[in-house]
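Residue numbers for the sequence shown, in our numbering: 0 to 158. Glycine included, each C-beta is placed from N, C-alpha and C at the ideal position. The model shown is predicted, which means the values in this text are computed figures rather than measured ones. To start, the structure itself, in structure tokens.
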Amino acid sequence: MPVVVEEVGTDLSQGPVLVTIECFVMSQRAAEFVEAMHQYGRIRRRDGAYRWGIFRDTELTNRYLEIFLVNSWAEHLRQHERQTRADRELEGRIQGYLAGEPVVRHLVYTYTKGTWLKRGRKHASLIRARHLCRSALTSSIDIDVSFIRTSTLDTNTDE
């Protein structure tokens with residue numbers, strides 16, 4: 000589980016959360032690593048990430064950075080609970096391509112003091128609704144999104 004500093008606190012609705020994993024890959028295993036990471040990217044998206052990517056450093060070509068975004072801190076914590084045996088096996092295979100331990104960072108989006116209160120909850124609702132719609136499109140499951148009120152989509156912050 001991620002280590003939480005006191006400033007993050009216990010507000011599980013904070014988000015979105017950007018997770019980065021920096022790792023060094025044995026150069027002779029780079030192609031296998033990238034292929035396995037793209038498989039792992041599908042797992043990340045299945046478990047709640049709405050953006051995912053793997054990037055290679057142009058200066059240190061064996062350094063890679065995986066990034067993904069989730070809606071909230073709570074959603075990220077749930078990702079740790081969703082792993083299947085197959086997920087752990089793939090993760091173990093990926094670890095075998097690494098030259099050392101990966102460095103994981105968790106970054107929580109920073110709102111201005113009033114913005115989170117006025118727009119943050121609406122923003123979170125929009126992200127969740129957008130994620131449900133994307134999930135429906137990618138998994139061919141029909142989801143009724145009529146529960147999204149027009150006021151949720153409204154940008155007026157006078158509420």
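Check: Is the stretch 19 to 32 close to the stretch 45 to 64, with three or more CB pairs under 8 Å?; Outcome: yes
Check: Please specify which runs of the beta strand (DSSP E), each continuous and at least 3 residues long, are wholly inside the stretch 62 to 106, giving them in chain order.; Outcome: 62 to 69
Check: Got a sec, what are the start and stop residues for the alpha helix (DSSP H) Gly14 sits in?; Outcome: Per DSSP, Gly14 belongs to no alpha helix (DSSP H) and is neither H nor E.
Check: I'd like the span of the beta strand (DSSP E) that includes Gly47, first residue to last.; Outcome: Segment: none, Gly47 is in no beta strand (DSSP E) and carries neither H nor E.
Check: In whole angstroms, what is the alpha-carbon distance linking Leu76 and Leu17?; Outcome: 13 Å
Check: Helix, strand or coil for Glu34? Go by DSSP, reduced to three states.; Outcome: helix
Check: What is the rounded straight-line gap between the Cα of Arg87 and the Cα of Arg41?; Outcome: 14 Å
Check: From the DSSP output, read off the bridge partner residues of Ile53.; Outcome: Glu65
Check: If you drop the 5 nearest sequence neighbours on each side, which residues of the same chain put their C-beta closer than 7 Å to that of Arg92?; Outcome: Ala35
Check: Can you tell which of Pro15, Glu90, Met25 has its C-alpha closest to the C-alpha of Thr60?; Outcome: Met25
Check: Within the same chain, show all residues whose beta-carbon is closer than 6 Å to that of Ser12, passing over the 5 residues directly before and after it, in chain order.; Outcome: Ser71
Check: If we ignore side chains and look at the alpha-carbon of each, how far apart do Leu68 and Glu21 end up?; Outcome: 15 Å
Check: For Gly47, which residues of its own chain have a beta-carbon under 6 Å away from its beta-carbon, when the five flanking residues on both sides are left out?; Outcome: Val69, Glu74, Gln78
Check: How would you label Arg43, buried or exposed, when you count the other beta carbons within 10 angstroms and need 16 or more for buried?; Outcome: buried
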